[in-house]
Amino acid sequence: MSQASQNDGGSQQEFVDDQEEQGGNFSAPIPLERLQEFGISPQDIKKLYDNGLHTLEAVAYQPKKVLAGIKGISEAKAEKILNETLKILPMGFTSATEVHNRRVDLIRISTGSKNLDNLLGG
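First residue of the sequence shown: 15, per the numbering used here; consecutive thereafter.
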């Protein structure tokens, strides 16, 4: 990994850690290196990278069968990776009421034309 990539990952990790400490919701993707803290080997993380999975979110949305299909990752290892990923990411259920409450706070920008606003849904 290049020095620039290591620096970017470090600052991103610091951001994630800061957001977690503040108890805030964050939308920054979480790098796979975070799995090392939970017992996943760097070799396994590299295998995930080599197969196009670069964030915990990307791994979390993969079926276990897809992860197990990666050369060098067994069914048991795939299950462990998914379990550790789900411990880190909040992948729980969100009710429609919670989504509605978040959408109420959205800022709407007008184009100046009511018809165009209706057409754009804004």
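Glycine included, each C-beta is placed from N, C-alpha and C at the ideal position.
(request) Please say whether L46 and L70 have beta carbons closer to each other than 8 Å? (result) yes
(request) Can you tell me which of the three DSSP states T69 falls into? (result) strand
(message) Rounding to the nearest angstrom, what Cα-Cα distance links L100 and A74 in this structure?
(response) 7 Å
(message) For G86 and K61, I'd like the C-alpha separation in whole angstroms.
(response) 8 Å
(message) For the pair the region 98-113 and the region 48-55, tell me if three or more CB-CB distances fall below 8 Å.
(response) yes
(request) Identify the continuous alpha helix (DSSP H) that holds T111 and give its terminal residues. (result) 110-118
(request) Along the alpha helix (DSSP H) that carries P56, what are the first and last residues, could you check? (result) 56-64
(request) Determine the burial state of A90: buried for a count of at least 16 other Cβ atoms within 10 Å of its Cβ, exposed for fewer. (result) exposed
(request) Using a threshold of 8 Å, state whether the C-beta atoms of L67 and Q76 are closer than that. (result) yes
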